[in-house]
Amino acid sequence: MDLEALFKVMGRLVGAGAPGEDAAGPAFHELMKSLLRFDYIVVFAYRGQERPIDLYSTFTAEEHVVFVSMYQAGPYLLDPFYRAAQQPKPGVWRMRELAPDRFFSSEYFRSYYTQTGLAEEIGFFVALDNGITVVLSLMRREQSGVFSAAEFALLKKAEPVVAALVRHAWPDLGRRFDLAFAKRGRSGHKAAQPSTDRVWRDLNLTDREAAIVELVLQGHSSESIGLRLGISTGTVKVHRRNVYRKLGISSQTQLLSIYLKSLG
């Protein structure tokens, strides 16, 4: 820990000169750098199923395509962090704490998440008004390894400062969501607001089938799905087979491809 850097950052976070919207991301970056080592930062705001807003990131242009642009195009709907933001679950969380039991063997993980090359991701979840949650993620590449227990404990202690920074710097994110939605709508973009309900309806799936395949894509096993929906594992498997037959597919890879294409 760099105490001198920490105190300098803390000095900028208090009083009339506290960072506003443009300076909040860099301030969070400097605060985290004073505490521990990491490779990337990204800050997203979530509201419902709307495309998340990229508030700040440290990626190169090439990395930005994978971590942000591709993510915003639809895969975020299967992200454990997005799911946790909807509940919401304020605090500091490791990705693996929030992920379903088969997430790391899911097609979403193999097809999208492995492209990030991450060993671990930890997020600060800050719930705001109007159903908005800001998630500030710290990431380490595979070469860097995971965050230690001591580092994770340190981040949990820093959570009140991070939450105060978010609430001060981004008080009106609802307006930004409204403007972004209106802009996409004016441009005729059919995915102005992706809707999983629309996807399943267009694919002619029943409500039960839709609920099951969405949980499959998120990384839940048949056993986990059965427990969540209050049905037997065997019934889950029957519904999965029926969905595959309806869609004319035979793998989760094909299911994910249809899902993402349907989202536009």
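According to my numbering, the sequence shown is numbered sequentially starting from 5.
For glycine and all other residues, C-beta sits at the position ideal for the given N, C-alpha and C.
No experiment lies behind these values; they were computed from the predicted model shown.
Is the stretch 176 to 187 touching the stretch 69 to 84 in the sense that three or more CB pairs, one from each, lie closer than 8 Å?
no
Option in L142, D176, P164, A167 with minimal Cα separation from E155
Against the sequence shown, residue 155 aligns to sequence position 151. Checking every option, the nearest Cα to that of E155 belongs to L142.
If you compare alpha carbons, which of R179, L207, I235 is closest to R51?
As a first step, residue 51 is located in the sequence shown; it is residue number 47 there, counting from the start. If we check each option's Cα against that of R51, R179 comes out closest.
If we call anything under 8 Å between Cβ atoms a contact, is A89 one with F129?
Reading the sequence shown from its first residue, position 85 is the one you call residue 89. Reading the sequence shown from its first residue, position 125 is the one you call residue 129. In contact: A89 and F129 (Cβ atoms closer than 8 Å).
Just the C-alpha distance for T120 and K160, rounded to the nearest angstrom, thanks.
Reading the sequence shown from its first residue, position 116 is the one you call residue 120. Reading the sequence shown from its first residue, position 156 is the one you call residue 160. Each residue's Cα considered, the two are about 25 Å apart.
Where does S110 fall in DSSP's three states?
Start at 1 with the first residue of the sequence shown, and residue 110 comes out as number 106. The answer is coil: DSSP assigns S110 none of H, G, I, E or B.
Where does V43 sit, in a helix, a strand or coil, going by DSSP?
Numbered from its first residue, the sequence shown carries residue 43 at position 39. Looking at the sequence itself, residue 43 is Asp, so the reference to Val does not match. Looking at D43 - three-state DSSP - the assignment turns out to be coil, as it is neither helix nor strand.
Cβ of I136 versus every heavy atom of the ligand HEM: is any distance shorter than 7 Å?
Because no ligand of any kind appears in the structure shown, any question about the ligand HEM cannot be addressed here.
Assess, as a yes-or-no matter, whether the stretch 83 to 102 is touched by the stretch 237 to 246 under the definition of 3 or more beta carbon pairs within less than 8 Å.
no
Indicate the three-state DSSP secondary structure (helix, strand or coil) for F128 in the structure shown.
Position 124 of the sequence shown, counted from the first residue, corresponds to residue 128. Three-state DSSP puts F128 in a strand.
Using the C-alpha atoms, what's the distance from H243 back to E25?
Start at 1 with the first residue of the sequence shown, and residue 25 comes out as number 21. Start at 1 with the first residue of the sequence shown, and residue 243 comes out as number 239. Distance between the alpha carbons of E25 and H243 is about 47 Å.
Would I136 and A49 be called neighbours here (beta carbons separated by less than 8 Å)?
Residue 136 sits at position 132 when you count from the first residue of the sequence shown. Residue 49 sits at position 45 when you count from the first residue of the sequence shown. Cβ distance < 8 Å, so I136 and A49 count as in contact.
If we call anything under 8 Å between Cβ atoms a contact, is L221 one with Y248?
By 1-based counting over the sequence shown, the position of residue 221 is 217. By 1-based counting over the sequence shown, the position of residue 248 is 244. No, the Cβ-Cβ distance between L221 and Y248 is not below 8 Å.
How far does the alpha helix (DSSP H) with T137 in it extend, from its first residue to its last?
Stepping through the sequence shown from its first residue, residue 137 is reached at position 133. Counting along the chain, T137 falls outside any alpha helix (DSSP H), though it belongs to the beta strand (DSSP E) covering 136 to 145.
If you follow the alpha helix (DSSP H) that S61 is part of, which residue opens it and which one closes it?
Here residue 61 corresponds to residue number 57 of the sequence shown, with the count starting at 1. Note, S61: premise wrong, no alpha helix (DSSP H); beta strand (DSSP E) at 57 to 61.
For G230, the first and last residue of its enclosing alpha helix (DSSP H)
Here residue 230 refers to the residue found at position 226 when the sequence shown is read from its first residue. Looking at the DSSP string, the run of the alpha helix (DSSP H) that includes G230 is 226 to 233.
Taking the CB atoms as reference points, tell me whether V47 and L177 lie closer together than 8 Å.
The count along the sequence shown starts at 1 and reaches residue 47 at position 43. The count along the sequence shown starts at 1 and reaches residue 177 at position 173. Not closer than 8 Å, so no.
Residues near L260 by beta carbon distance below 7 Å, same chain, minus five either side
The sequence position of residue 260 within the sequence shown is 256, counting from 1. Correct list, in chain order: E111, Y112, S115, L221.
Which whole-angstrom value is the C-beta distance of L158 and L39, which I expect to be below 8 Å?
As a first step, residue 158 is located in the sequence shown; it is residue number 154 there, counting from the start. As a first step, residue 39 is located in the sequence shown; it is residue number 35 there, counting from the start. Yes, they are in contact, since the Cβ atoms of L158 and L39 sit about 6 Å apart, within 8 Å.
Could you spell out the range, first to last residue, of the alpha helix (DSSP H) harbouring G238?
Reading the sequence shown from its first residue, position 234 is the one you call residue 238. Residues 237 to 251.
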